[in-house]
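In my numbering, the protein residues as written are 1 to 328. Each residue gets a CB set at the ideal place from its N, CA and C atoms; glycine is no exception. Following: one structure in structure tokens, then a few remarks.
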């Protein structure tokens, strides 16, 4: 790349320290309103930028990439997941894609444990009574939840986040089980006392809590479909801090309403911010607005990775977090 500053378009507001650093290094255009761009606005941004910095709410498909023109050379995604970007089409058009892996594992694992505790200990139900002023005092049988210690936790996807969940759950005395594309090395399993299940179906049928931590890919879409959800024990709880598309949300809602699954903690939803209204009615469901990686520290670290990827590219080198389609 030439020594002239790269033109960079950022689709959403980022932490102030990240935006300030970008202004120093690049010819940057910020989204001051923080309103999600329309498809037309996003396509226009891609035509006037050398580098686009999108987030997971920006869906960049082949048709949109075809409108990008010749100027766009890098999509430096703010986030680890890139299922909202057609990476193969981008590469075919000579556009590189980078991401920010390894930043939010601990933050997301913290949220997974919070959801496990929130559902099993009925924390939102207790909060609602307190906020409504309806608490009549302590009772031996009021708000009885379940002890997490000793329960079987089945982790679906034992990558960075899944393993971070396992570490936390072990500290709470849970028994760690997991299903993954590849089995972990024996010494890694031993660190958290994890039991590997080659069959997802068999694991689901035996778990007390299931934590979804796998990415959304064509092969994981509705991985927890109606048939698999029916394999779970009626006393089991499912928690999802990964991607909403991994679970058939309608099937999950039906089973929760029918008492066929004891509870759910959801940080992500199949249709983005459009949540099945029946989920909101259920007292055994904890819903949070995609807060898994929402820490100041995590967002700043993600921004720093974006800047490093852009700066490395500007200096004529391969971005350190380049996404390779064949590895997705």
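Item, Value
"Cβ-based neighbour list, residue 226, same chain, cut-off 7 Å, excluding 5 preceding and 5 following", "248 and 251"
"Nearest-angstrom Cβ-Cβ length linking residue 51 and residue 30, presumed shorter than 8 Å", "The pair is not a contact, with the Cβ atoms about 13 Å apart (cut-off 8 Å)."
"Beta-carbon proximity list for residue 291, same chain, < 7 Å, skipping 5 on both sides", "111 and 267"
"Element boundaries [beta strand (DSSP E), containing residue 27]", "27–29"
"contact_flag[the region 86–99, the region 307–324] where n(CB pairs < 8 Å) is 3 or more", "yes"
"Classification of residue 319 by the beta-carbon crowding that lies within 10 angstroms, buried from 16 upward", "buried"
"DSSP state of residue 20 mapped onto helix, strand, coil", "helix"
"Under the three-state DSSP convention, the category residue 68 falls into", "coil"
"Residue of 42, 64, 254 and 86 minimising C-alpha distance to residue 12", "42"
"Neighbour-count burial assignment, residue 273, 16 or more Cβ in a 10 Å radius", "exposed"
"Beta-carbon proximity of residue 108 to residue 293, cut-off 8 Å", "yes"
"Any chain C beta carbon closer than 8 Å to residue 322", "You won't find chain C in this structure, because it holds only one protein chain."
"Boundaries of the alpha helix (DSSP H) in which residue 89 is found, first to last residue", "87–92"
"Cβ pair residue 53, residue 76 closer than 8 Å", "yes"
"Proximity winner among 323, 317, 321 and 307, relative to residue 20 (alpha-carbon distances)", "307"
"Run of the alpha helix (DSSP H) containing residue 303, from where it starts to where it stops", "296–314"
"Cβ-based burial, residue 220 [other Cβ within 10 Å; buried from 16]", "buried"
"Secondary structure of residue 261, DSSP reduced to three states", "coil"
"Cα-Cα separation between residue 1 and residue 73, rounded to whole angstroms", "Unreliable placement is indicated for residue 1, whose pLDDT of 48 sits below 50; the coordinate value is still reported in the next sentence. Between residue 1 and residue 73, the C-alpha separation is close to 10 Å."
"Rounded straight-line distance, which links the Cα of residue 200 to that of residue 189", "17 Å"
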